[in-house]
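Following numbering that gives the first Met the number 0, the numbering of the sequence shown begins with 0 at its first residue and continues without gaps.
Even glycine gets a Cβ: it sits at the ideal position worked out from N, Cα and C.
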Amino acid sequence: MTLRMIVPARAIRCLPGVPIMARPTYHHLGRVAIRPALHGCFHNVAQSRLPMLSNGLLRSSTACGIPGFIATPKPLGRLRFISFTSHRPAAGIGISRLVPTSLQTDATQTANLRQLFALAKPEKTTLLTAFGLLLISSSVTMSIPLTFGKLIDFFAHGAQPETLPISVTPMTAGAALLALFTIGAVANAGRVILMRSASARIVARLRNATYASALKQDVEFLERSAGPGDVVSRLNADAYIVGDSLTGNLSDGVRAVVTASIGLSLMFYLSPMLTALMLAIVPPVSLGAFAYGRYLKRLSNRTQEGLGDMTKVANEALSAVRTVQAFTAASREENRFAAKVNHVQDLAIKEARAAAVFFGATGWSGNVVVLGLLAYGGNLVSRGHISVGDLTSLLMYTAYVGGSLSMLSSFFSSLMKGLGASERVFQLLQREPTIRNSKVAFDTTRDYGNIEFKDVFFSYPSRPGAEILRGFSMTIKGKGDSVAIVGKSGSGKSSIQSLLFRFYDPDSGRILVNGQDIHDFSLETWRAAIGIVPQDPVLFTGTIADNIAYGHPLASRKDIETAARLANCDFVWEMLDGLDTKIGRDSLSGGQKQRIAIARALIKKPALLCLDEATSALDALSELRVNEAIERILESHETSTLIVAHRLSTISRAGRIIVLEDGRVTEEGNYQDLVACPTSRFRALMASQLDAL
Numbered sequence: 000m001t002l003r004m005i006v007p008a009r010a011i012r013c014l015p016g017v018p019i020m021a022r023p024t025y026h027h028l029g030r031v032a033i034r035p036a037l038h039g040c041f042h043n044v045a046q047s048r049l050p051m052l053s054n055g056l057l058r059s060s061t062a063c064g065i066p067g068f069i070a071t072p073k074p075l076g077r078l079r080f081i082s083f084t085s086h087r088p089a090a091g092i093g094i095s096r097l098v099p100t101s102l103q104t105d106a107t108q109t110a111n112l113r114q115l116f117a118l119a120k121p122e123k124t125t126l127l128t129a130f131g132l133l134l135i136s137s138s139v140t141m142s143i144p145l146t147f148g149k150l151i152d153f154f155a156h157g158a159q160p161e162t163l164p165i166s167v168t169p170m171t172a173g174a175a176l177l178a179l180f181t182i183g184a185v186a187n188a189g190r191v192i193l194m195r196s197a198s199a200r201i202v203a204r205l206r207n208a209t210y211a212s213a214l215k216q217d218v219e220f221l222e223r224s225a226g227p228g229d230v231v232s233r234l235n236a237d238a239y240i241v242g243d244s245l246t247g248n249l250s251d252g253v254r255a256v257v258t259a260s261i262g263l264s265l266m267f268y269l270s271p272m273l274t275a276l277m278l279a280i281v282p283p284v285s286l287g288a289f290a291y292g293r294y295l296k297r298l299s300n301r302t303q304e305g306l307g308d309m310t311k312v313a314n315e316a317l318s319a320v321r322t323v324q325a326f327t328a329a330s331r332e333e334n335r336f337a338a339k340v341n342h343v344q345d346l347a348i349k350e351a352r353a354a355a356v357f358f359g360a361t362g363w364s365g366n367v368v369v370l371g372l373l374a375y376g377g378n379l380v381s382r383g384h385i386s387v388g389d390l391t392s393l394l395m396y397t398a399y400v401g402g403s404l405s406m407l408s409s410f411f412s413s414l415m416k417g418l419g420a421s422e423r424v425f426q427l428l429q430r431e432p433t434i435r436n437s438k439v440a441f442d443t444t445r446d447y448g449n450i451e452f453k454d455v456f457f458s459y460p461s462r463p464g465a466e467i468l469r470g471f472s473m474t475i476k477g478k479g480d481s482v483a484i485v486g487k488s489g490s491g492k493s494s495i496q497s498l499l500f501r502f503y504d505p506d507s508g509r510i511l512v513n514g515q516d517i518h519d520f521s522l523e524t525w526r527a528a529i530g531i532v533p534q535d536p537v538l539f540t541g542t543i544a545d546n547i548a549y550g551h552p553l554a555s556r557k558d559i560e561t562a563a564r565l566a567n568c569d570f571v572w573e574m575l576d577g578l579d580t581k582i583g584r585d586s587l588s589g590g591q592k593q594r595i596a597i598a599r600a601l602i603k604k605p606a607l608l609c610l611d612e613a614t615s616a617l618d619a620l621s622e623l624r625v626n627e628a629i630e631r632i633l634e635s636h637e638t639s640t641l642i643v644a645h646r647l648s649t650i651s652r653a654g655r656i657i658v659l660e661d662g663r664v665t666e667e668g669n670y671q672d673l674v675a676c677p678t679s680r681f682r683a684l685m686a687s688q689l690d691a692l
């Protein structure tokens with residue numbers, strides 16, 4: 000994989016997070032400083048270029064230890080960008096760490112905001128209809144203060160009809176107002192239904208898309224970096240906050256804008272002087288809302304991360320509850336969980352304090368403004384400049400507009416909260432798996448042949464300095480061949496199967512099938528050609544038949560029964576409901592789960608079957624039944640078999656045995672030859688089991 004990074008010239012000054020020497024030396028490009036330690040952030044740096052220079056100058060420049068850097072000062076205005084091309088970033092140094100956070104924040108926030116509103120695009124018609132209803136209901140609501148003011152003046156003047164704005168009787172006016180209020184109520188009800196329905200659909204789509212993206216991610220990310228608990232938190236809490244900020248909060252925001260606009264217009268109509276006095280509160284409240292919203296966004300992001308960590312801890316402990324109870328570790332797990340809960344609680348308290356300060360200050364400011372309006376407005380009434388009804392209407396509009404400004408503040412803060420949650424959702428939704436996929440389908444009948452590992456080197460991304468495989472080479476000779484890999488724990492046996500399934504890719508070297516690199520085939524079709532029986536197989540909630548058919552969802556009942564019998568699943572027919580028996584994750588014994596896993600692998604009719612320590616944790620009888628199933632598979636010669644095992648009873652059934660030590664093949668041969676050789680490494684590894692024969 001080729002990685003290209005373009006660093007803006009203004010980002011080169013600081014480069015925060017880059018490890019530097021105790022006494023760093025800087026090379027200056029005009030007013031731009033570049034640390035020599037930047038070279039240590041990438042392996043195999045192949046290119047760094049400045050577009051305004053000739054190729055000759057680029058070739059001759061070697062400052063900072065990277066070909067292409069400029070040894071002589073150049074004006075900052077001419078420095079556009081520097082790009083690096085590398086096959087793999089150095090361990091622990093992310094690309095984002097090379098660019099100052101301040102340069103990333105605005106761009107990220109804008110991008111997230113665009114994506115946030117893009118989620119609502121499929122609901123465009125529904126939302127526009129809801130906004131139309133909102134406009135109707137808000138207009139009705141905002142007519143109330145003016146109407147009340149006119150009614151007050153009407154009754155204050157002895158209920159004279161000429162004081163009404165139009166020539167109608169009080170009864171007719173009352174009926175018209177009742178009809179108007181009914182229209183407003185119906186419009187508001189319709190708005191709520193449409194908005195909440197749209198919100199539910201947006202959240203559902205977002206969760207489905209995020210879950211689909213999570214299932215496509217590489218194993219390293221799901222098992223080590225994020226963890227299932229964190230992913231579940233993003234699907235649950237984060238997605239809900241994002242959806243709510245798009246519909247409910249957006250509706251409140253639009254309603255606040257409409258209400259404030261109509262209210263201010265009518266206030267200017269009633270008294271420009273009093274309205275100008277009321278508007279004095281807007282600038283400080285707006286600044287406060289902006290600062291509060293930005294703070295809340297950062298806090299929300301940290302809170303959602305804290306909730307993800309909390310869910311991760313709970314998920315780990317609850318999924319291993321037997322181990323927790325067996326080691327009487329409940330109190331320790333409670334403390335771990337409590338620490339995460341306390342962290343989230345501390346963040347919630349910080350949010351509460353900020354909200355208390357902001358809303359307390361805005362509430363106080365609003366009350367002071369109302370007091371000022373009442374005092375000044377009363378003076379205007381006493382001098383006859385405005386009527387009592389107009390002052391009443393204006394005070395009511397002040398309350399409405401003040402409420403709208405408060406609602407706008409809440410909308411902005413909720414939007415920032417939604418942006419904070421959306422960062423985590425979009426990070427998962429848009430993350431590209433590190434395992435490259437192809438669109439070329441793997442056809443077993445056409446493409447399957449010898450599987451060859453050629454000089455493979457591999458280390459786990461989380462431990463880049465610890466090589467697991469060092470120049471590993473091996474061949475599985477087509478259909479019917481069986482190979483057993485033996486070695487000490489940690490020698491890389493299971494890693495070989497992980498590479499075969501492309502859960503990881505090798506650092507160097509190739510894995511070929513029939514002479515073609517497995518990277519050339521799509522992950523789905525390649526993995527569909529391989530079956531696996533893991534050391535600790537996972538069963539899903541459902542029937543036994545469902546679990547067997549997991550390997551081939553379109554399998555017939557007859558195919559399921561055949562696979563179950565081939566895998567020695569005789570215990571199934573001893574159950575009351577047979578294959579329709581409902582089971583859970585831990586409903587069966589270890590031996591029964593292993594045989595279900597074998598049946599699940601066999602029903603795929605795989606070209607290659609991988610057995611990973613299939614009998615290591617079984618009792619003697621269960622081991623015998625599983626080995627009988629393995630023997631039946633090997634004798635059929637219908638599939639290639641790769642066996643990773645410690646048990647001699649399983650290893651001895653393979654046609655060839657490969658001894659793996661320190662990531663290299665140190666010995667290869669059949670069982671009889673290796674056992675017969677007194678200096679055999681295999682014999683040394685299996686000494687205790689051979690002596691027991």
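Query: Mind pulling the alpha helix (DSSP H) runs of 4 or more residues that sit fully within the region 337-385?; Result: none
Query: Is it buried or exposed for Trp572, if we count other Cβ within 10 angstroms and need 16 for buried?; Result: exposed
Query: Can you list, in chain order, the residues of its chain whose CB lies under 6 Å from that of Gly259, leaving out five sequence neighbours each side?; Result: The question names Gly, but residue 259 is Ala in the sequence shown. Here the set comprises Val400, Ser403.
Query: Give every residue of the same chain whose Cβ lies closer than 7 Å to the Cβ of Arg594, excluding the five residues on either side of it in the sequence, and list them in chain order.; Result: Ala566, Asn567, Cys568, Arg624, Val625, Ala628
Query: Can you look up Asp243 in the DSSP assignment and give me helix, strand or coil?; Result: helix
Query: Classify Ala686: buried if its beta carbon has 16 or more other beta carbons within 10 angstroms, exposed otherwise.; Result: exposed
Query: Using CA coordinates, which residue listed in Ile151, Leu126, Gly148, Phe358 is at the minimum distance from Val191?; Result: Leu126
Query: In terms of residues, what are the limits of the beta strand (DSSP E) holding Ile531?; Result: 529-532
Query: Count the other C-beta atoms from every protein chain shown that fall within 10 angstroms of the C-beta of Glu630, then say buried if there are 16 or more, exposed otherwise.; Result: exposed
Query: Note down the Cα distance separating Asp480 from Ala528, rounded to an integer number of angstroms.; Result: 16 Å
Query: Could you tell me how far apart the beta carbons of Ser639 and Asp519 are, in whole angstroms, since I believe they sit closer than 8 Å?; Result: With 8 Å as the limit, Ser639 and Asp519 do not qualify as a contact, their Cβ atoms being about 19 Å apart.
Query: Once you ignore the five residues that flank Phe180 on each side, which residues in its own chain have a CB closer than 7 Å to its CB?; Result: Val139
Query: Quick check on Gln429: buried or exposed, where buried means 16 or more other Cβ atoms within 10 Å of its Cβ?; Result: exposed
Query: Please check the pair Glu666 and Arg680, which I expect to be a contact at CB under 8 Å, by giving their CB distance rounded to whole angstroms.; Result: 5 Å
Query: Per DSSP, which one or two residues make a beta bridge with Arg663?; Result: Glu660
Query: Where are the alpha helix (DSSP H) runs, 4 residues long or more, that stay fully inside the region 244-280, in chain order?; Result: 247-269, 271-277
Query: Compute the beta-carbon to beta-carbon distance between Gly550 and Arg599, rounded to the nearest angstrom, for a pair I have assumed lies under 8 Å.; Result: 4 Å
Query: So what's Phe452 in DSSP terms, helix, strand or just coil?; Result: strand
Query: Buried or exposed, going by whether 16 or more other CB atoms sit within 10 Å of the CB of Lys557?; Result: exposed
Query: Is Leu132 closer than 8 Å to Gly189 when the C-beta atoms are compared?; Result: yes
Query: For Ser555, which of helix, strand or coil comes out of DSSP?; Result: coil
Query: Out of Ala675, Ala483, Ile543, Lys581, which has the shortest C-alpha to C-alpha gap to Cys609?; Result: Ala483
Query: What's the call for Trp724, buried or exposed, on a 16-neighbour Cβ count within 10 Å?; Result: One cannot answer for residue 724 here, as it falls past the ends of the chain, which runs 0 to 692.
Query: Could you have a look at Ala483 and say whether DSSP puts it in helix, strand or coil?; Result: strand
Query: Less than 7 Å between C-beta atoms, sequence neighbours within five positions excluded: which residues of the same chain meet that for Ile543?; Result: Val571, Leu578, Thr580, Ile582, Ile595
Query: Just checking, does the region 389-396 make contact with the region 265-279 on the three C-beta pairs under 8 Å criterion?; Result: yes
Query: Starting from the N-terminal side, write out each stretch of the alpha helix (DSSP H) that is 4 residues or longer and does not extend beyond the region 277-321.; Result: 281-318
Query: For Pro72, is the classification buried or exposed, using 16 other Cβ atoms within 10 angstroms of its Cβ as the cut-off for buried?; Result: Caution applies to Pro72, whose pLDDT of 39 falls short of 50 and renders its modelled position unreliable; the value that the coordinates give is listed next. Under this definition Pro72 is an exposed residue.
Query: In chain order, what residues of the same chain lie with their CB nearer than 7 Å to the CB of Ala119, ignoring the 5 residues before and after it?; Result: Leu126, Ile201, Leu245
Query: Name, in chain order, the residues that DSSP records as bridge partners for Cys609.; Result: Ile531, Leu641
Query: Spatial neighbours of Ser368 within its chain, please: CB distance less than 6 Å, with the 5 preceding and 5 following residues excluded, ordered by chain position.; Result: Checking the sequence shown, residue 368 turns out to be Val, not Ser. If we look at Val368 and ignore the five residues flanking it on each side, its Cβ neighbours are Met277, Ile280.
Query: Looking only at its chain, what residues have a beta carbon closer than 6 Å to the beta carbon of Thr274, apart from the 5 residues adjacent to it on each side?; Result: Met266, Phe267
Query: So, at 7 Å on beta carbons, what are the nonlocal neighbours of Asn449 in its own chain, with the 5 sequence-adjacent residues on each side left out?; Result: Thr474, Ile475, Lys476, Gly477, Asn513
Query: Helix, strand or coil: how does DSSP classify Asp506 here?; Result: coil
Query: Out of Ser285, Ala338, Leu112, Pro282, state which residue places its alpha-carbon closest to the alpha-carbon of Val309.; Result: Note that residue 309 corresponds to Met in the displayed sequence, not to Val. Answer by Cα proximity: Ala338.
Query: Pick helix, strand or coil for Thr561, following the three-state DSSP scheme.; Result: helix
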